[in-house]
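A quick write-up on the structure given underneath.
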Amino acid sequence: MPDDAAPELLTAKEVAKIFRVSPSAVVLWANQGLLPHVRTPGGRLRFRREDVERLLR
1 MPDDAAPELL
11 TAKEVAKIFR
21 VSPSAVVLWA
31 NQGLLPHVRT
41 PGGRLRFRRE
51 DVERLLR
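In the UniProt record's numbering, the protein residues as written are 1 to 57.
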């Protein structure tokens, strides 16, 4: 990915599928500070694919 490209953002549902947990577990991890996240201007949680992949290693 080029440096000027925006990171790929995933929803809680998409992250949940990767980790094989419920979307509410992903939101809980984010609220506890265990999973880095960003909020959209509308207040929705999004997760950078690179952060999710880093946690899988």
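By construction, the Cβ of each residue, glycine as well, lies at the ideal position given by its N, Cα and C atoms.
Here the structure is a predicted model, which means the values were calculated and not measured.
Specify, as a first and last residue, the run of the beta strand (DSSP E) that Leu55 falls within. Per DSSP, Leu55 belongs to no beta strand (DSSP E); it is in the alpha helix (DSSP H), Arg49 to Leu56.
Report the rounded CA-to-CA distance for Leu55 versus Ala25, giving the unit in angstroms. Approximately 15 Å, taken between the alpha carbons.
Could you tell me which of Ala6, Ala5, Glu50 and Thr11 sits nearest to Gly43, measuring between CA atoms? If you compare the alpha carbons of Ala6, Ala5, Glu50 and Thr11 with that of Gly43, the shortest gap goes to Thr11.
Closest Cα partner of Ala5 within the set Arg48, Pro36 and Val15: Arg48
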